[in-house]
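Please read the structure below before turning to the comments.
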Amino acid sequence: MRRIKNTMQYFAFFQKNENGGYTVTVPSLPGLVTEGRTFDEANMMLRDAIRCYRTGLKKNAGLILR
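First residue of the sequence shown? That's 503 in the numbering used here, and the numbers climb one at a time after it.
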């Protein structure tokens, strides 16, 4: 039996910040904000932030927002 990986998609805002990097927010995940020096780094940090956010919700018996 093949296992299918559960994937979710979120809309994210990447904004240039005053330090020349990027600040990223996800409207459907309140309070989630991350940064990176480059777009690629900000994207990598975003993936990690979403993973941590979802783990926190699961540990606190919250619902995962879709």
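Cβ coordinates follow ideal geometry from the N, Cα and C atoms, glycine included.
- [ ] Check whether the Cβ atoms of Tyr-555 and Gly-538 lie closer than 8 Å to each other.
- [x] no
Task: Assigned secondary structure, Gly-558 (DSSP; H/G/I helix, E/B strand, else coil) - done: helix
- [ ] Would you mind reading off the limits of the beta strand (DSSP E) that contains Phe-495?
- [x] In this structure the chain extends from 503 to 568, so residue 495 is not present and cannot be described.
TODO: Can you say whether Val-535 is buried or exposed, counting buried as having 16 or more other CB atoms within 10 angstroms of its CB?
DONE: exposed
TODO: Closer than 7 Å by C-beta to Arg-549: which residues in its own chain qualify, once you throw out the five before and the five after it? Chain order, please.
DONE: none
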